[in-house]
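Chemist: After the structure tokens below, expect a handful of questions from me.
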Amino acid sequence: MKRARLIYNPTSGREEMRRRLADILQRLDQGGIEASCHATTGENDATEAARDAIERGGYDMIIAAGGDGTIYEVINGMAAYDNPPPLGIFPLGTTNDLSRALGISRNWETYCDLVIRQQTRPIDIGRVNDRYFINIAGGGSFTELTYEVPSKLKTMIGQMAYYMKGIEKMVNLAPTELIIRPEGMDTIHDQFMIFLVANSNSVGGFEKLAPDARIDDGMFDVIAVKNCNLAEFIRLVTMALRGEHLDDPKVLYFRTSSMHIEAPQASQVLLNLDGELGGSLPGHFEVLKHKLRIFAADQRPV
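Using the numbering used here, read the sequence shown as starting at 825 and increasing by one per residue.
Right, here's the structure in full:
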């Protein structure tokens, strides 16, 4: 009998996990996996629970159930360790970027069976300073909306909460002076509206924003929008929905395995990591290639 530590957010996905927990535990048990549970109670609780599971030892796997915020916290509790146990994910949030990138089914029965089969694949993790991210890191005024949307509002109306907050933020967009030093490339010094460091091809629920990004290739896809007015920004957003933005002169795009970004002005530039507040610039970004193993099918390229 294998042992699993199941860390779940009881409020994610309109509290779907509360309703499915008994069924999931029973199906795992029938497949030879004994799971003990931890329901998160607040900010960083999932990180502490994942860290505790590894420190205590004896677990063959960790399973996270919740949205991207819960997954982000669990990964930050696991990534500092050498050879952590494989991670399972039940996607229950608003956007579920990681599960979309990996093609993980939202059907709990299907995913339970995949975990029971112990089918895993390696994935990369991003690190910036002392924090980790799995999908996306970003900075600039527009990225702030993801952690400004109240969790209760996200639970009630889902993706529309982001759109509502985005409309409110767009009237106050302002550029930020950045110095970007990618490994093996010339230094970039310019004014930018937003920068995104993509580790996967699903960013904020959109799969065409970084269409060539792969979560297991050891590279970041970096996208930054240069100083522009509101009309130009809206035009670029429209192009991004179709995946036609990367060649636009207002868009800086390159690939790298590491880089340093700083803001020379005194104003603080906050970082958004997988939709959560992740400190501020300056930041050293690097890919940790194949740092984790995730329960997911190998057939889908990401």
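Glycine is no exception: its CB is placed at the ideal position from the N, C-alpha and C atoms.
Along the chain, where does the beta strand (DSSP E) containing Glu1086 start, and where does it finish?
Modeler: Residues 1082-1086.
Chemist: Count the other C-beta atoms from every protein chain shown that fall within 10 angstroms of the C-beta of Thr864, then say buried if there are 16 or more, exposed otherwise.
Modeler: It is buried - the Cβ of Thr864 has at least 16 other Cβ atoms within 10 Å.
Chemist: Restricting to Cα atoms, I'd like to know which of Gly963, Phe1044, Glu1056 is closest to Phe1078.
Modeler: Checked all of Gly963, Phe1044, Glu1056; the closest Cα to Phe1078 is Phe1044.
Chemist: Classify Gln983 as buried or exposed, calling it buried when 16 or more other Cβ atoms lie within 10 Å of its own Cβ.
Modeler: Model confidence at Gln983 stands at a pLDDT of 44, short of 50, so the residue's coordinates are unreliable; what they give is reported in the following sentence. Counting Cβ neighbours within 10 Å, Gln983 comes out exposed, since fewer than 16 surround it.
Chemist: Rounded to the nearest angstrom, what separates Glu1056 and Glu1086 at their Cα positions?
Modeler: Rounded to whole angstroms, Glu1056 to Glu1086 spans 25 Å at the Cα level.
Chemist: Can you give the Cα-Cα distance for Arg1038 and Asn1025, rounded to whole angstroms?
Modeler: Rounded to whole angstroms, Arg1038 to Asn1025 spans 6 Å at the Cα level.
Chemist: Taking 8 Å as the threshold (C-beta atoms), are Ile857 and Ala874 in contact?
Modeler: For Ala874 and Ile857, no; Cβs fall outside 8 Å.
Chemist: Please report how far the alpha carbon of Gly855 lies from the alpha carbon of Leu830, in whole angstroms.
Modeler: Approximately 15 Å between the Cα atoms of the pair.
Chemist: Compute the Euclidean distance between the alpha carbons of Leu1002 and Ile960, then round it to the nearest angstrom.
Modeler: When rounded, the distance between both Cα atoms is 18 Å.
Chemist: Got a sec, what are the start and stop residues for the alpha helix (DSSP H) Tyr883 sits in?
Modeler: Careful: Tyr883 lies outside any alpha helix (DSSP H) and carries neither H nor E.
Chemist: Taking the CB atoms as reference points, tell me whether Glu889 and Leu922 lie closer together than 8 Å.
Modeler: Per the sequence shown, the amino acid found at residue 889 is Ala instead of Glu. No. Outside cutoff.
Chemist: One question on the structure: do Gly962 and Ile1018 come within less than 8 Å of each other, judged by their Cβ atoms?
Modeler: Yes, these two residues count as a Cβ contact at 8 Å.
Chemist: Taking only three categories from DSSP, how would you classify Ser836?
Modeler: If DSSP states are grouped into helix, strand and coil, Ser836 belongs with the helices.
Chemist: May I ask you to report which of helix, strand or coil DSSP gives Tyr971?
Modeler: Only weak support is given to the placement of Tyr971: the predicted model assigns it a pLDDT of 48, under 50, and the value that follows is read from those uncertain coordinates. Helix.
Chemist: Let me check understanding here. Comparing Cα to Cα, which of Ser1082, Thr944, Asp1036 lies closest to Thr1011?
Modeler: The residue with the shortest Cα to Cα distance from Thr1011 is Ser1082.
Chemist: Taking Gly1107 as the reference, which of Leu1020, Ile895, Glu1068 has the closest Cα?
Modeler: It is Leu1020 whose Cα lies nearest to the Cα of Gly1107.
Chemist: Is Asp948 buried or exposed, if buried means 16 or more other CB atoms sit within 10 Å of its CB?
Modeler: Asp948 is buried by the Cβ-count criterion.
Chemist: Considering just the uninterrupted stretch of the beta strand (DSSP E) at Asn900, what are its terminal residues?
Modeler: Run containing Asn900: none in the beta strand (DSSP E); it sits in the alpha helix (DSSP H), 892-902.
Chemist: Select from Pro834, Ala828, Ala846 the residue whose C-alpha is nearest the C-alpha of Ala859.
Modeler: Closest option to Ala859, Cα to Cα, is Ala828.
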